[in-house]
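Numbering (the working numbering), first residue to last: 131 to 1177.
Ideal Cβ placement from N, Cα and C applies to all residues, glycine included.
These numbers come from a predicted model, not from an experiment.
Accompanying notes for the structure given below.
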C-alpha cells in the first residue's frame, strides 16, 4: 500500500483477528477492558461500531455505594493503632477477660470510627455531586429525527455533537463544522495542557463545505483514527467520504481535533465523537488520586508500636513476678487489658480534631484571603517541606505579555523610542501613496541598500503577518457587531490567539501604525496609518510546535502578486535557517539576560514556480499515514534555507506579585525550589533569572539535548564537575537520563541550589516528584494552576493549587488552594510551622496523660501482690480522658511559640523543623520519664498518706492526677489564649461538680476534710514543682532559638 492512500476500515481485520483469539479475549470484551486499537468511526452511526467502548462518565470518587463502608473500615483498621483497639473491645465479650463495663471500651472506639466515617462520607458526597454536575451537562446531538438533547454521560462513539460557544467539549472529537465565517474556531485548552493560549482548530474541509449540518447524516463517510493514547499534542487519522466521485480522502492532524475538557471560545461547532470515558486524552493524563497519609501520622503510628511493646513487656513482667502461677496465659491477657491505657485511644481523635482546627484557622486568616483547605488530614506536612516544585506560567508569572524591544542588528528600539518606529512606518506609507505603481514596483525590484525606514517597515509587516491571531468584533453598546466588522471599528476589536506572545506582538504593530483588521482561513487584511487596507492571501500556514520551535506563513500580496514566506521562532533553531550574520547570537543573549522572551523574525521571497513545486510536495506528504510528521517536516525544511533576517522581538512575561521575596523566604527556610514547566527552555531560563530562583552569583548549567546512553554519560560527567550551579534540563534529556542513569542524575540534581525542567509533560512532572520522594525521603510540595499540574499536585506529599486564569482544575485537585503564589510563604512559615509544633505537643501530652495513669496502675498492682485488678472503675476511667482533661489538653492546638510576624521575618525558624525535633525519640523519651515520675509520685504518695479505707486512695490519687494534668498543661503552654484559661477552669469545675455523683467510687465526706486537701496539695506539688524549676533553669541557661526572638 502506498503512503498517499488512506487506510481502509478495519472490519475485515476484525474477523481475521477473531479466528486467532481465544475465549479469554471474549471475556475481556465483555468486561469492556481490552488493548486499545485503531478504530473506524462512521459519522452519526454509533450502532456501526466494531468494538465495545467505555461509557462517557467522569468518576473521581474513591468508593461506590457498596465499597464505601468496607473500604473506610479497612483503611482505618489497616493501621496497627485502630486494629489494636478493635481487638481490645472485642475481648470484653469473653467473660474471663472482662475488666469492667463494655461501654468503657466500645464508646471511645465507636466515637473515633463515627467521626472518620462521617468525614469520609461528606468528602465522597461532595465528589459525587461534582462528578454528577459534569456528567449531567446537556448537549445537542444530530440524529435522523433532528436535533435531540443528550446528557454528557450518554454520549457514544460515532455521535454527532453540537457544542456552543463557552461550552465544555464533552468527549474527544473530530471537528466537522463551524458557524464562524472564517471557517475555523478557537479552543481554550487551559484545563488540558495548562496553557492559557487559545488554540486555532480547523474543520474537515469536505464537511465544512456541506450546505447544512443535517447533511452530515446524508453522506456516507467515516473517520479512521489511531488507538487512544496519552499524547495531547499529536493525532494521526484520515477522513473518507465514500459516496462522492471520486471518493474524498483527507488527512487529519491535531488541528482537526477537539479534545475533552477544552472549551469552545468562538462560534458553534459540530464534531464526531472518537473517544469516550477512560479513553479520553484528559483522563489518560490524570493519575488516580491517592489517599495521602502525613509523615506525622506515620511517626505517631511508630510511637504507638513502641508503646505496645512496652505494654507487652510490663504484662509479662507482672506475670513473671507471679512465677507464671495457675492459668498464667489468661493473666497475661488480663494485664494487657488492664494496662491498655498505655496506648491512648483519644490520641487519634485529638489529632483529627486538631487538624480540623488548623484548617479552620488557615481559612480564617485575613492575610491569605481565599485560601481553601481541601484535605484536612495533612496540615502538619506544611511544616516540614524540603522540596518545592512549582509550575511557571500562571503560578510564578501572570501570563500577561508586554512588548519591550525591537532589534534590527544595527539599531534597537525600546519602549521609550517606539515613536521613532511609528514615524518610519508613517513615512513609508506616505511615500508609497505618492509614488505611481510602476515606479513602486521598480524600486522594490532594484537591489539597492535599504534605508532604515524600509528595514523597520519590513520588520513590522512581517510581525503583523506572521502569526495565528484573529481579530474579532463585538458590539460595544453603540455599534453592533455587523457594522463594527464592516468598518473595522477599533473600539469593538478583540484579538483571539493561540499565544499571549502573539497578541502582544499584534497589539504592538497596531500601536506603531500597521493594524491587523481582518483575517479568515484564506486571507489577512492590514490597515496602514493612512487608513488604506492591504490584502494578503494566505497560501500556507505552518503552526508552532514544541519540536520545531517556530511557525511560518506563506502569503501573496494582492496588490503586487508577490509571494513571501515569513517565519519566526526561537533563536536556537532560527540561527541555522537565516543567512550568516555576526550579531544574532550576542543580541539574543543580551535580551534573554534582561528576562525577555526572544523571537527571531525572517523572510524569503518565492517565485510562482517555486511555490507550485513546494505545494505539490507538501500535499503529497500530508496524505501519508506512515511517518507523516517526518515527511511534512522534510518538505517544509526545503524552504527554510538562507532566509533574510529581519529583526528580533523581545516580550516580557510579568511576574506575579511578590514572587521574588517569597522565593527568597523559602530559600532561607531551607526549602529547595524546582521549576517544572511545559514552556520553552529559553523562556524558562529567563523566568528563573527574573524571579531570582537562580541568584545573580550562581552559574547556570544548561544540560544539552541527549538522545542516547553515551551522550547522557558524557553530559552527566560534565555536570558533575560544576559546583553550586543551577541546572536547566529539557524533558527529552531528562527522560534519557532517568532511563539509564536515574540514581546518578537524581543525586547530582538534589545537590543543586535550584533546578529548572522545561518542556515537561504532566506525567513527567509527577515522575520527578515521585523520584524526589524515593531518593531523598524528604517531603515535597507541588504548586500549580493548570490542568497539566494535577498529576504533580496529586503525587506530592502536599499539593497546592493556585486559583488563576487557567481555571480551577488544579485548585480542586489540590490539598490546599491559594489565590496568589505569595500566600505560599505564610501558609508554610506560619500555618505549617504552627500545625506541626502544635500536633507534636498535643500527641506527646496525650501519651503522657495515658502513661501517667498506666504507671499508677502498675504501682498499684505491684503493691497488691501483682493482682490484675483495675485501680479506677467505670466512669472514672472514661471521665479522666474526656471531660476532666480533654479541653485543657486540646487547647494546646491554640498555642504558639512566636508571633506570625516573627515567623515570617525569620524563616530560619522553619529550618529547625526539617530535622523533626518537635516529635522525636528524644522528646518522646523525656515525656515517658516525666510520666513515670509523676505517676509513681502520685500513687506512692496516696499509698503512704491514706489512713483507713481503700476508697481514700482512689480519692487522693485521682484528684492529684487531675490537678497534675491541669498544671502540666499550664507548664507546656508558651502563649496563653483566653480559651485556654476557660478550658482549665471549666475542667476543674466539671470535676468538682461531678464529685457529688461519684459516691460509688469516692468517699464524698472524706474529700470535704482538711486532711484530704493538704495531702492532695503536697502530692501535686511534689509531682509538678521540680518540672517547673527545670523548665525555668533551661530557659535561663539554654534558651531555644525562638525565645531569643520573643524576649
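- Closest in C-alpha terms to residue 733, from the list 684, 1106, 998 and 690, comes 684.
- Excluding five sequence positions before and after residue 921, the CB atoms of its chain that fall closer than 8 Å to its own CB belong to 415, 416, 417, 892, 893, 895 and 896, given in chain order.
- Residue 489 is positioned such that its CB atom lies closer than 8 Å to that of residue 509.
- For residue 1089 and residue 1146, the gap between their C-alpha atoms comes out near 7 Å.
- Runs of the alpha helix (DSSP H) lying entirely within the segment 978-1053 and spanning at least 4 residues, in chain order: 1004-1011, 1016-1020, 1030-1035 and 1038-1043.
- Under the three-state reduction of DSSP, residue 413 is assigned to helix.
- Its Cα nearest to that of residue 1066, the residue 990 stands out among 990, 341 and 1034.
- Bounds of the beta strand (DSSP E) holding residue 670 are 663-672.
- Between residue 523 and the set 203, 593 and 915, the nearest pair of CA atoms involves 915.
- In this structure the segment 285-303 lies against the segment 183-192, because at least three pairs of beta carbons, one per stretch, are closer than 8 Å.
- Residue burial is scored here from C-beta neighbours: residue 274 has fewer than 16 other C-beta atoms within 10 angstroms and is therefore classed as exposed.
- Pairing residue 829 with residue 856, the inter-Cα distance amounts to about 6 Å.
- The straight-line gap separating the alpha-carbon atoms of residue 976 and residue 476 is approximately 7 Å.
- Secondary-structure assignment with DSSP links residue 601 through a beta bridge to 625.
- Around the beta-carbon of residue 1123, fewer than 16 other beta-carbon atoms lie within 10 Å, marking it exposed.
- Cβ contact annotation for residue 941 (same chain, cutoff 6 Å, sequence separation greater than five): 931, 933 and 947, in chain order.
- According to the DSSP assignment, residue 914 belongs to the beta strand (DSSP E) that extends over 909-914.
- Separation of residue 1126 and residue 1092 (C-alpha to C-alpha, rounded to the nearest whole angstrom) is 16 Å.
- In this structure, DSSP gives residue 364 a state outside helix and strand, which the three-state scheme calls coil.
- DSSP, read as helix, strand or coil, puts residue 917 in helix.
- 8 Å or more divides the Cβ of residue 846 from the Cβ of residue 873.
- Residue 587: not part of any beta strand (DSSP E); member of the alpha helix (DSSP H) spanning 582-595, first to last residue.
- Shown here for residue 187: same chain residues with a beta carbon closer than 7 Å to its own, the five before and five after excluded, namely 265, 283 and 407 in chain order.
- With a beta-carbon spacing of about 7 Å, residue 277 and residue 292 fall inside the 8 Å limit used to define contacts.
- When beta bridges are read from the DSSP output, residue 515 appears opposite 909.
- Distances from the CA of residue 517 to each of 966, 905 and 985 were compared; the closest alpha carbon is that of 905.
- Residue 886: member of the beta strand (DSSP E) spanning 884-888, first to last residue.
- Listed in chain order, the non-local C-beta contacts of residue 1171 below 6 Å within the same chain number zero, local neighbours out to five positions each way being set aside.
- Residue state for residue 799 is assigned as coil, using DSSP reduced to three classes.
- DSSP places residue 537 in the uninterrupted beta strand (DSSP E) bounded by 527-537.
- Straight-line spacing of the CA atoms in residue 526 and residue 952 works out to 9 Å.
- In the three-state DSSP reduction, residue 297 falls in the coil class, being neither helix nor strand.
- Residue 714 carries a helical assignment under DSSP once its states are collapsed to helix, strand and coil.
- Under DSSP, residue 1160 forms no beta bridge with any residue.
- In chain order, 986, 1087, 1090, 1091, 1094, 1149 and 1153 place their CB closer than 7 Å to the CB of residue 1068, counting only its own chain and leaving out the 5 sequence neighbours on each side.
- Here residue 804 is bridged, per DSSP, to 519 and 885.
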